[in-house]
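Q: First residue of the sequence shown? That's 1 in the UniProt record's numbering, and the numbers climb one at a time after it. First, the structure itself, so that you have it in front of you.
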Amino acid sequence: MQRSKEMNELRLREEEPDENLYQQLPTTEILGEEDEDETEALLEHTPRPKRDERFIGTFTMQCILCIVLAIGLFAVKAALPDQYQQVAGAYKEVIWQDVNFTEKINEAQQAISNFVGQLKPIPRGGDSASSEEPSSSASSDPSSSDATSSQTEPSSDAASGAGGEENTVSGTSSEPPDSATYEPVVFTGKKTVPLTGTVTSMFGYRSHPVSGSDDFHMGIDIAAEEGTAVKAAAAGKVTAADYNEDYGNYITIEHEQGLVTRYAHCSKLLVKQGDKVKTGKKIARVGSTGNSTGYHLHFEVEQNGRRADPLTLFPELNNG
1 MQRSKEMNEL RLREEEPDEN LYQQLPTTEI LGEEDEDETE ALLEHTPRPK RDERFIGTFT
61 MQCILCIVLA IGLFAVKAAL PDQYQQVAGA YKEVIWQDVN FTEKINEAQQ AISNFVGQLK
121 PIPRGGDSAS SEEPSSSASS DPSSSDATSS QTEPSSDAAS GAGGEENTVS GTSSEPPDSA
181 TYEPVVFTGK KTVPLTGTVT SMFGYRSHPV SGSDDFHMGI DIAAEEGTAV KAAAAGKVTA
241 ADYNEDYGNY ITIEHEQGLV TRYAHCSKLL VKQGDKVKTG KKIARVGSTG NSTGYHLHFE
301 VEQNGRRADP LTLFPELNNG
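Written out as structure tokens, the structure reads:
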């Protein structure tokens, strides 16, 4: 009986919760939960960092400027298509051609200056004084002569320009000098006329326009307005860009297939010795330097060491 009572007390003691158990629980777990709640509460009340508004403002301003510039370009293109094409052409040359960038930037700036100079107010009806402005200012501007040559009459200097070095001969002959040939030029590469204008002096025997003596002309003279662009007839390397008393400012270019071209009496040279040029690249501007009577280009073609008639290479220049 006594043993049964002891067993019951032992069973009851095992079933009763141990009060010391709660006192022995690690406080870190309870404190950890409280800290987590406090951290979440602090995060809710902590102000988040504001978005950087300067970037948005700068980007918005750039977008507005681009839109304004685009609208302005479309307006200029619609109102002044010729001047727009002139500026666009200069820009494309700077971007796409493998050239001297300083030189091309200067040309683009000159084209832009001409474009701005042509922004003149349209004369109103009855304003006869403003509508009778002389056209000489347009023809004297070198860079604008290409755009206006089809609308204006060439000056007297340009219409009769001729010259070149004197190759004095005694009388005339059916045969050329040893340094020249009447054989046609043979060239299969890409080519273009260096200048469009009036041929005032042909290849062959003539009276020299300056001295009046019997002379054999080693090239042709193409009259044009001062400052008109002169282009490379074909791709090649500039072997001379210099000045002498006969040619004035001149350029010599060596091409493939034994071909050499020469451009004389220029007012300005746009390339230098050693430069490589592409077909149609602007290399000079028309002038009247050296032994010359007026604005023109003296154009020579040489093949295998002998001067030949440039019209056999460019028959389209024969406007006589």
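All C-beta atoms in this analysis are idealised placements derived from N, C-alpha and C, irrespective of residue type, glycine included.
Given a cut-off of 8 Å on the beta-carbon distance, is the pair glycine 236 and isoleucine 220 in contact?
A: Their beta carbons are not under 8 Å apart, which means glycine 236 does not touch isoleucine 220 by this criterion.
Q: Contact between the segment 254 to 261 and the segment 183 to 203 is defined here as three or more beta-carbon pairs at a separation below 8 Å; is this criterion met?
A: Yes: the two stretches touch, three or more of their Cβ pairs being nearer than 8 Å.
Q: The beta strand (DSSP E) with leucine 317 in it runs from where to where?
A: Note, leucine 317: premise wrong, no beta strand (DSSP E); not H, not E.
Q: Under the rule that 16 or more other beta-carbon atoms within 10 Å means buried, what is phenylalanine 74, buried or exposed?
A: By the 10 Å Cβ count, phenylalanine 74 comes out exposed.
Q: I need the boundaries of the beta strand (DSSP E) containing tyrosine 205, first residue and last residue.
A: Tyrosine 205 -> beta strand (DSSP E) spans 204 to 207.
Q: With DSSP as the reference, identify every bridge partner of phenylalanine 299, one or two as the case may be.
A: Ile220 and Tyr263.
Q: Nearest by alpha-carbon distance to alanine 264: which of Ala308, Ala240, Gly274 and Lys276 is it?
A: Of Ala308, Ala240, Gly274 and Lys276, the residue nearest in Cα terms is Ala240.
Q: Could you tell me the alpha carbon to alpha carbon distance between proline 123 and leucine 80, rounded to whole angstroms?
A: Here the model assigns proline 123 a pLDDT of 43, short of 50, so the residue's position is not dependable, and the following value carries that caveat. C-alpha separation (whole angstroms): 16 Å.
Q: Who are the near neighbours of valine 193 in its chain, counting only those whose CB is closer than 8 Å to its CB and skipping five residues on each side?
A: Same-chain partners within the cutoff: Lys231, Ala233, Phe314, Glu316 and Leu317.
Q: For asparagine 291 versus valine 199, is the C-beta distance shorter than 8 Å?
A: For asparagine 291 and valine 199, no; Cβs fall outside 8 Å.
Q: For the beta strand (DSSP E) that contains asparagine 244, what are its first and last residues?
A: Where asparagine 244 is concerned, the enclosing beta strand (DSSP E) stretches over 236 to 244.
Q: Taking the beta carbon of glutamine 85 as the centre, do at least 16 other beta carbons fall within 10 Å, making it buried, or is it exposed?
A: Exposed, because fewer than 16 other Cβ atoms sit within 10 Å of the Cβ of glutamine 85.
Q: Would you call the CB atoms of histidine 296 and tyrosine 247 closer than 8 Å?
A: Taking 8 Å as the Cβ cut-off, histidine 296 and tyrosine 247 do not qualify as a contacting pair.
Q: Determine the burial state of aspartate 178: buried for a count of at least 16 other Cβ atoms within 10 Å of its Cβ, exposed for fewer.
A: Burial call: exposed.
Q: Given that a residue counts as buried once 16 or more other Cβ atoms are within 10 Å of its Cβ, and exposed if not, what is leucine 270?
A: Leucine 270 comes out buried.
Q: At a threshold of 7 Å, does proline 310 count as lining the ligand ADP (C-beta to nearest heavy atom)?
A: For the structure depicted, the ligand ADP is absent and the ligand set is empty, with no information on it obtainable.
Q: In the DSSP assignment, the beta strand (DSSP E) including valine 286 goes from what residue to what residue?
A: Where valine 286 is concerned, the enclosing beta strand (DSSP E) stretches over 282 to 286.
Q: Checking 8 Å against the spacing of the C-beta atoms, do arginine 285 and lysine 268 come in under that value?
A: In this structure, lysine 268 lies closer than 8 Å to arginine 285 by Cβ.
Q: Which term fits tyrosine 182, buried or exposed, when burial requires 16 or more other beta carbons within 10 angstroms of its beta carbon?
A: With fewer than 16 Cβ atoms within 10 Å of its Cβ, tyrosine 182 is classed as exposed.
Q: Check this for me: beta carbons of valine 238 and isoleucine 222, under 8 Å apart or not?
A: Contact: no.
Q: Compute the Euclidean distance between the alpha carbons of aspartate 309 and histidine 217, then round it to the nearest angstrom.
A: Approximately 10 Å, taken between the alpha carbons.
Q: Look at the alpha carbon of glutamine 303 and the alpha carbon of proline 176, and state the distance between them as a whole number of angstroms.
A: Their Cα atoms are separated by approximately 15 Å.
Q: Use the C-beta contact count for threonine 228: other C-beta atoms within 10 angstroms, 16 or more gives buried, fewer gives exposed.
A: Classification of threonine 228: buried, given that the 10 Å Cβ count is 16 or more.
Q: Are the Cβ atoms of cysteine 266 and asparagine 249 separated by less than 8 Å?
A: Result yes, Cβ atoms of cysteine 266 and asparagine 249 sit closer than 8 Å.
Q: Identify every residue that forms a DSSP beta bridge with valine 186.
A: BP columns for valine 186 are empty, so no partner.
Q: When the distance is taken between beta carbons, is threonine 312 closer than 8 Å to proline 209?
A: No. Outside cutoff.
Q: Whole angstroms is fine: what's the gap from alanine 201's alpha carbon to serine 174's?
A: The question names alanine, but residue 201 in the sequence shown is serine. The straight-line gap from Cα to Cα measures roughly 18 Å.
Q: Indicate whether glutamate 226 and glycine 305 have their beta-carbon atoms separated by less than 8 Å.
A: No, they are not a contact pair.
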